[in-house]
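Right, one structure below, let's go through it.
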Amino acid sequence: MRKRVDVILFEQGHFDSRENAKRAIMAGIVYEFRTQEQVLKPGTAMDDQIVFEIKGKKIPYVSRGGVKLKGAIDAFSIDLKDKIVLDIGSSTGGFTDCCLQEGAAFVYALDVGTNQLSWKMRSHELVAVMENTNFRYVEAERFNKGQPDIIVTDVSFISLKLIFNQIDVLFGMQAFEMIALIKPQFEAGRQFIGKNGIVRDPKVHQRVVADIKAYIELKGWHVIGIMDSPITGTKGNKEFLLYFKNEIGEG
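Counted from 1, the sequence shown has number 246 at position 246 by the working numbering; the numbering is strictly sequential.
Structure (structure tokens):
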């Protein structure tokens with residue numbers, strides 16, 4: 001019988017949910033065993049008796065975004081234990097999941113979209129679901145479990161500068177730490193974006209990162225470090241992780 005390949009992977013016991021099977025396919029780690037052909041699309045119809053091989057580690061989070069955040073947490077020795085976290089652009093919840101696994105006390109999962117957050121995160125007792133919420137217009141009163149100690153963000157189709165401006169309005173007078181995923185394809189300008197929406201020029205990458213760093217420093221925030229994301233974006237775009245602090249009241 002022919003079925004969707006994500007359904008087959010779940011039914012064969014490779015993954016504990018169709019969602020995780022889909023994430024693994026998108027991460028490029030699923031192969032047909034006999035032909036060694038990579039499975040590229042979760043919705044591809046295949047014979048349900050086909051044997052698959054999983055190459056590489058299964059993603060330990062509800063989405064591959066968690067892998068990116070974990071890279072920064074480890075590289076910069078960031079302590080999330082017992083911290084209140086705001087996840088801006090939570091989407092499926094990869095960043096939120098990573099924060100909880102790192103010991104966060106509570107996470108606000110905020111996203112302009114609706115019904116994107118995985119059930120695992122949506123039903124978690126330490127997660128406040130703030131969907132259908134545009135961060136640029138949110139009010140401080142919405143954060144009724146306490147102001148965030150750490151802010152993480154992975155947003156698309158908007159410049160990080162707009163996110164930083166609202167962070168300054170809401171939290172500029174308090175100390176906080178932030179990890180931001182820089183996506184050059186949403187910062188560089190259309191003239192620098194190539195085929196399939198990919199920015200390939202290393203000089204453009206460098207200019208975007210330097211521009212974001214300078215913008216943060218103009219606000220008086222302290223940049224601790226910048227690193228390449230451990231994995232690329234879904235389409236193959238090179239991305240970067242930036243870690244900084246607002247050190248008001250510290251020292």
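For each residue, glycine too, the CB sits at the ideal point set by N, CA and C.
Taking residue 222 as the centre and dropping the five residues before and after it, the same chain places the C-beta of 244, 245, 247 closer than 7 Å to its C-beta, in chain order.
Around residue 225, the same chain offers 76, 243 as residues with beta carbons nearer than 6 Å, after the five sequence neighbours per side are excluded. The Cβ-Cβ distance between residue 48 and residue 25 does not fall below 8 Å. Residue 27 carries a coil assignment under DSSP once its states are collapsed to helix, strand and coil. Linking residue 39 to residue 79 through their CA atoms gives a straight-line distance of about 37 Å. In this structure residue 216 touches residue 164 by the C-beta definition: roughly 7 Å separates them, less than 8 Å. Here the C-alpha atom of residue 87 lies approximately 30 Å from the C-alpha atom of residue 54. With the rule of 3 Cβ pairs closer than 8 Å, the region 95-110 counts as touching the region 120-131. Nearest to residue 51 by C-alpha distance, out of 137, 207, 8, is 8. According to DSSP, residue pairing for residue 222 in a beta bridge involves 245. For residue 86, the pairing in a beta bridge is given by DSSP as 108, 151. Excluding the 5 residues flanking it on each side, residue 145 has same chain C-beta neighbours closer than 6 Å at 106, in chain order.
Of the candidates 167, 130, 125, 46, the residue whose Cα lies closest to the Cα of residue 108 is 130. Linking residue 183 to residue 229 through their CA atoms gives a straight-line distance of about 10 Å.
In the three-state DSSP reduction, residue 2 falls in the strand class (E or B).
Here the alpha carbon of residue 237 sits roughly 11 Å from the alpha carbon of residue 201. Taking each of 64, 208, 58 in turn and checking the Cα distance to residue 193, the smallest one comes out for 208.
Residue 79 carries a coil assignment under DSSP once its states are collapsed to helix, strand and coil. In the three-state reduction of the DSSP assignment, residue 170 falls in the helix class, which pools H, G and I. Going by C-alpha positions, residue 158 is about 8 Å away from residue 187. Between residue 72 and residue 3, the CB-CB gap reaches or exceeds 8 Å.
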